[in-house]
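>
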Amino acid sequence: MHQAPNGRITKMFWKNICRTKSLDAAAHSPDVEEHQTLSKVLNVKDLTAIGIAAIIGAGVFSSIGRACFNGGPAVSLLFVFTAITCAFCALCYAEFASRVPVSGSAYTYAYVTFGELAAWIIGWNLIMEYAIGNITVAIAWSSNLTSFLGGLGIHLPSYLTTSYMAAQKAHAEMTQLLALGKEVPESVMRYADVWQTAPLIGDLHFILNIPAFVGVSLITALVYVGIKESKNMTILMVAFKVIVVLFVIIIGAFYVNPANWVPFAPNGLSGVMKGVSAVFFAYIGFDAVSTAAEECKDPQRDLPKGMIYSLLICTGLYVAISVVLTGMVNYTKLNVGDFLVVAFQSVGLNWLGGILALSAVIATTSVLLVFQLAQPRIWMVMGRDGLLPKKFAEVHPKFRTPAFATLVMGFMVAFPALFLDAELATDMNSIGTLFAFAAVCAGILLIPKDSLKPKFSVPYVSGKIWTPMILLTIATVLYWNDNNIFANLFSFASQAEFEHNLPYIVFIGLAILVSVLSYLKNLSLIPVLGLLSCLYLMTELGVANWIRFFVWMFVGVVIYLAYGYKNSKLNK
30 MHQAPNGRIT
40 KMFWKNICRT
50 KSLDAAAHSP
60 DVEEHQTLSK
70 VLNVKDLTAI
80 GIAAIIGAGV
90 FSSIGRACFN
100 GGPAVSLLFV
110 FTAITCAFCA
120 LCYAEFASRV
130 PVSGSAYTYA
140 YVTFGELAAW
150 IIGWNLIMEY
160 AIGNITVAIA
170 WSSNLTSFLG
180 GLGIHLPSYL
190 TTSYMAAQKA
200 HAEMTQLLAL
210 GKEVPESVMR
220 YADVWQTAPL
230 IGDLHFILNI
240 PAFVGVSLIT
250 ALVYVGIKES
260 KNMTILMVAF
270 KVIVVLFVII
280 IGAFYVNPAN
290 WVPFAPNGLS
300 GVMKGVSAVF
310 FAYIGFDAVS
320 TAAEECKDPQ
330 RDLPKGMIYS
340 LLICTGLYVA
350 ISVVLTGMVN
360 YTKLNVGDFL
370 VVAFQSVGLN
380 WLGGILALSA
390 VIATTSVLLV
400 FQLAQPRIWM
410 VMGRDGLLPK
420 KFAEVHPKFR
430 TPAFATLVMG
440 FMVAFPALFL
450 DAELATDMNS
460 IGTLFAFAAV
470 CAGILLIPKD
480 SLKPKFSVPY
490 VSGKIWTPMI
500 LLTIATVLYW
510 NDNNIFANLF
520 SFASQAEFEH
530 NLPYIVFIGL
540 AILVSVLSYL
550 KNLSLIPVLG
560 LLSCLYLMTE
570 LGVANWIRFF
580 VWMFVGVVIY
590 LAYGYKNSKL
600 NK
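Numbering (my numbering), first residue to last: 30 to 601.
1) What is the residue span of the alpha helix (DSSP H) that Gly-538 lies within?
2) If contacts are defined as beta-carbon pairs under 8 Å, then Tyr-533 and Leu-518 qualify, I think. What distance do you get, rounded to the angstrom?
3) Which runs of the alpha helix (DSSP H) fall wholly inside the segment 408 to 449 and span at least 4 residues, in chain order?
4) If we call anything under 8 Å between Cβ atoms a contact, is Leu-554 one with Gly-472?
5) Inspect the beta-carbon positions of Val-487 and Glu-124 and report whether they are closer than 8 Å.
6) For Ile-230, which residues does DSSP report across the bridge?
7) Could you tell me the alpha carbon to alpha carbon distance between Val-690 and His-234, rounded to whole angstroms?
8) Any heavy atom of the ligand FMN closer than 7 Å to the beta-carbon of Asn-512?
9) Count the CB pairs spanning the segment 246 to 256 and the segment 427 to 441 that are closer than 8 Å, and state whether there are at least three.
10) For Thr-49, does the three-state DSSP call read helix, strand or coil?
11) Rounded to a whole number of angstroms, what is the C-alpha to C-alpha distance between His-64 and Val-424?
12) Should Pro-59 be labelled buried (16 or more other beta-carbon atoms within 10 Å of its own) or exposed?
13) What number of angstroms, rounded off, separates the C-alpha of Ala-241 from the C-alpha of Ile-168?
14) Measure the C-alpha to C-alpha separation of Val-587 and Gly-182 and round it to an integer number of angstroms.
15) Report back the beta-carbon spacing between Ala-294 and Ala-112 to the nearest angstrom; my notes put them in contact at under 8 Å.
16) Given a cut-off of 8 Å on the beta-carbon distance, is the pair Leu-397 and Trp-170 in contact?
17) Can you tell me which of the three DSSP states Thr-320 falls into?
18) Is Asn-238 helix, strand or coil by DSSP?
19) Hey, would you say Gly-152 sits closer than 8 Å to Ile-407, going by beta carbons?
20) Do the CB positions of Gly-100 and Lys-303 come within less than 8 Å of each other?
21) Do Tyr-159 and Ala-196 count as a contact pair if the criterion is CB distance below 8 Å?
22) Starting from the C-beta of Pro-445, find all residues in its chain whose C-beta is less than 6 Å away, skip the five residues before and the five after it, and write them out in chain order.
23) For Val-584, which residues from the same chain have a beta carbon less than 6 Å from its beta carbon, with the 5 sequence-adjacent residues on both sides left out?
24) Which one of Tyr-193, Asn-72, Leu-416, Asn-154 has the shortest CA to CA distance from Ile-264?
25) Can you tell me the Cα-Cα spacing of Thr-462 and Thr-435, whole angstroms?
26) Going by the beta-carbon positions, is the gap between Cys-47 and Glu-202 smaller than 8 Å?
27) Which two residues bound the contiguous alpha helix (DSSP H) that contains Asp-331?
28) Report, in whole angstroms, the separation of the C-beta atoms of Phe-143 and Ala-349, which I expect to be a contact under 8 Å.
29) Since Phe-373 contacts Leu-385 with CB under 8 Å, what's their CB separation in whole angstroms?
30) Suppose you measure from the CA of Cys-115 to the CA of Pro-228; what does that come to, to the nearest Å?
31) Check the DSSP bridge columns for Leu-71 and list the partner residues they point to.
32) Would Asp-316 be called buried (16 or more neighbouring beta carbons within 10 Å of its own) or exposed?
33) Identify which residue in Phe-269, Met-218, Phe-368, Asn-289 has its Cα closest to the Cα of Asn-173.
34) Tell me the rounded alpha-carbon separation between Asn-512 and Thr-355.
35) With a Cβ-Cβ cutoff of 8 Å, do Asn-238 and Asn-289 count as a contact?
Set out below in structure tokens:
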């Protein structure tokens, strides 16, 4: 019996969207023309510096304050848990980087394991990781620069240094709190004042974050000029900010008041987990190392080392600084952009304010630099594969950088930074990044056994028994701590409760499925733990972020079907 035409078309369609690049083809990039190649100037020291540049800064000088405000001193444990999750992911990234030493990060890795559509979705979500994430950093950079200039006696108008959405949100929150007769936190009052005092154009409040726009524009120009110049600047900034962070930890330790650590978790586990997006955002920098693969002298050897070294160094610094910070000042005072300055001023160390403000400017500059460096290289590879217009694959004939992609990245970050709210950008960034990390961990489980032998492999530990045992142990501990935890999870007394519980229910189903597959397929434990850890952290980001995430993915799939599907090189 002949298959119906519609059936053949459907089968062909699914076959095409699942088409994969071979590991050998991806590793050696035979379709890359000479004029599209990048300069190979990076070694393991440079890669480690790139990782530290992106990791130390995105958290220490921008998002830790909010995490401490939500979770109290217990947020230091969240840093440890998140670091362990990232360690699992970093090992999987390191094996892929060793197998496929080309730019593209998780996008390239997904292309050789899951297929084209999945690769496109990962690449689309990496836009959230870098472009939207850099908006958050740009806003923090603006806050730090304003604080530094203020210490020098240069006071910029607040309506030109604040994001429109942040001021609008603070005004609405203040109005609500006053109506309920509650006290308005200082952090809310500060932004609400901007809304009330900003000049009006008709009914529109004129509020724009000009420093954020200018900072991104200058960094984009530097990245456009070349990787060597960017590398040298990165190393200098990393050396400076690591010294300052160590200085902050050592000096701050002498002013720790143990009373500030009580209560350790003032808002309970839910308060601690509110910091997931902020804490995880601090760690995403190690992914940026993999995007520099084509500019490495020996990527198969140096990429894994650069990722792992940077993650280990930064984890120790993050845990130490969160402990010291919450010991110096009550956690309720840390939900501000310049929280480090606030902490040291609260113990009378006003003279450190200028140094910290300058350090924060340099630290967030390095993050801006690395993120602006990373995303264009992913777009470059997608352009080579035909999923984006060829213009994205163009390399500048003199500077040997992905010129057009770099300019597009600059535009996508600079203009939204004028008005977007940092908290919204951070949450969107984290869910997209966790999705990419989960895909990389799952990809390691799908690599053919007879594929290329890498210089680095994830250590194999059988998950046949360990995965079910670990999950069962966690479930037992949770039940022992709260006998009603699972009953409450499946209680849908209201729509709000249903929306809150739904991600956890989905996670439990996926965890059981992965546990069964681990037993039946004898899956490797480390990628499995990385996959489950990322999926769990995604459940903590709330339904609203999941809705935004699915809308973002839907738009991405539409773009792929309209352009990438027919223009893919694998389709020709």
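Quick reminder that beta carbons are idealized off the backbone N, C-alpha and C, glycines included.
Taking the definition as stated:
1) 524 to 550
2) 6 Å
3) 432 to 443
4) no
5) yes
6) Residue pairing of Ile-230 in beta bridges, as defined by DSSP: Leu-233.
7) Nothing can be reported for residue 690, as the shown portion of the chain is limited to 30 through 601.
8) By its list of ligands, the structure shown contains no ligand whatsoever, and the ligand FMN lies outside what it can speak to.
9) Counting Cβ pairs under 8 Å, three or more are found: they touch.
10) coil
11) Because His-64 carries a pLDDT of 45, less than 50, the predicted location of this residue cannot be relied on, and no value is offered for it.
12) Any reading at Pro-59 is ruled out, since the residue's pLDDT is 48, under 50, leaving its predicted position unreliable.
13) Rounded to whole angstroms, Ala-241 to Ile-168 spans 6 Å at the Cα level.
14) 51 Å
15) Rounded, the Cβ-Cβ distance is 19 Å, inconsistent with contact.
16) yes
17) Correct three-state label for Thr-320: coil.
18) strand
19) Judged by their CB atoms, Gly-152 and Ile-407 are nearer to each other than the 8 Å cut-off.
20) yes
21) no
22) Ile-164
23) none
24) If we check each option's Cα against that of Ile-264, Asn-72 comes out closest.
25) 20 Å
26) no
27) 328 to 357
28) Between Phe-143 and Ala-349 a beta carbon distance of about 38 Å is seen, past the 8 Å cut, so the two are scored as non-contacting.
29) 6 Å
30) Our two residues, Cys-115 and Pro-228, have alpha carbons roughly 45 Å apart in a direct line.
31) Cys-325
32) Result: buried.
33) Phe-368
34) 32 Å
35) no
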